[in-house]
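Position one of the sequence shown corresponds to residue 3 (the numbering used here), numbered consecutively onward.
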Amino acid sequence: MKAIPVIEKLEEWSRDYEHPTLRRSSLEKDPFKTLISCLLSLRTQDRNTEKTSRALFEVADTPEKILELSQEKLERLIFSSGYYKNKAKTIKHVSRVILEEYNGKVPSDLDELMSIRGIGRKTATITRVFGFGIADCIPVDVHVFIISNRLGWVKTKTPEKTEEELMKIVPKEYWFEINTLFVLYGKEICQTQSPFCSKCVIRKYCKRVGVVRSR
Ligand code: SF4
């Protein structure tokens, strides 16, 4: 299995890292908080997300409590996550649907999650994997997409296809952590614009597909 040595190397590399991405699974373990944190994380940095999520959950950590907040108060609480007006609207809408249609409990089914406006596949898979602890899918964000393609593991154009192909390559016991490891590695080493191939711990396994500029 070509994925195993790469994952083992990344596990070893990540051991000394004190990074919010690595703490994600221990931080949340709650489907609603995982879902809301993921919505807050869109187009912002992990450190902002962690700070904003904590501030919000201190005041409101259930759909009922979110709906009790005024729009203005919610916007103030999540201001530092960026795009706070749109995010506040989405969070209110998602909370309302969960409360009214799902009795206040986040659905674990991917299709049901994605049927709620504002929840895309990435958010749905992250909620399922990290919120419910059901690792029967692989959340694919930009880092997972780019690294899998650079390694030469997949040759894909969409996150959906990447997920499908990765599930054939990565043994199931690693589905839980592959997202966490690739996201961290993408932020620190295999960066989107110009990867640090010179200090890459998995370079010997990488075909560097599509890499035109590196450091
Ligand atoms: S060798 Fe370069 S492109 Fe390949 S995984 Fe490492 S940093 Fe990324």
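All residues carry an ideal CB built from backbone N, CA and C; glycine is no exception.
As for any beta strand (DSSP E) of minimum length 3 sitting wholly inside the stretch 148-195, there is none. Note that the C-beta distance between T160 and E167 is not below 8 Å. A residue is called buried once 16 or more other Cβ atoms fall within 10 Å of its Cβ, and K124 is buried on that count. Counted as a single uninterrupted DSSP element, the alpha helix (DSSP H) harbouring I100 occupies residues 86-103. L12 and S110 have their C-alpha atoms some 29 Å from each other. Taking all protein chains in view, the Cβ of Y19 is surrounded by fewer than 16 other Cβ atoms within 10 Å, so the residue is classified as exposed. Classified as exposed, F198 has fewer than 16 neighbouring CB atoms from the shown chains inside 10 Å of its CB.
For the set I68, K89, L71, the Cα lying nearest the Cα of T51 is the one of K89.
If you check the CB distance, R215 and S196 come in under 8 Å.
Per DSSP, R217 is not a residue of any alpha helix (DSSP H), being assigned neither H nor E. Per DSSP, C208 is not a residue of any alpha helix (DSSP H), being assigned neither H nor E. At a Cβ-Cβ threshold of 8 Å, T54 and F34 do not count as neighbours.
By alpha-carbon distance to D138, the top candidate from E175, N151, R205 is E175.
Cβ contact annotation for G212 (same chain, cutoff 7 Å, sequence separation greater than five): N151, R152, in chain order.
According to the DSSP assignment, C40 belongs to the alpha helix (DSSP H) that extends over 33-43. Contact between G84 and R130 does not hold, since the beta-carbon distance rounds to 25 Å and is not under 8 Å.
Taking 7 Å as the cut-off, the C-beta of S16 does not count as close to any heavy atom of ligand 1. Here the alpha carbon of M116 sits roughly 26 Å from the alpha carbon of S82.
Rounded to the nearest whole angstrom, the C-alpha separation of I128 and A5 is 21 Å.
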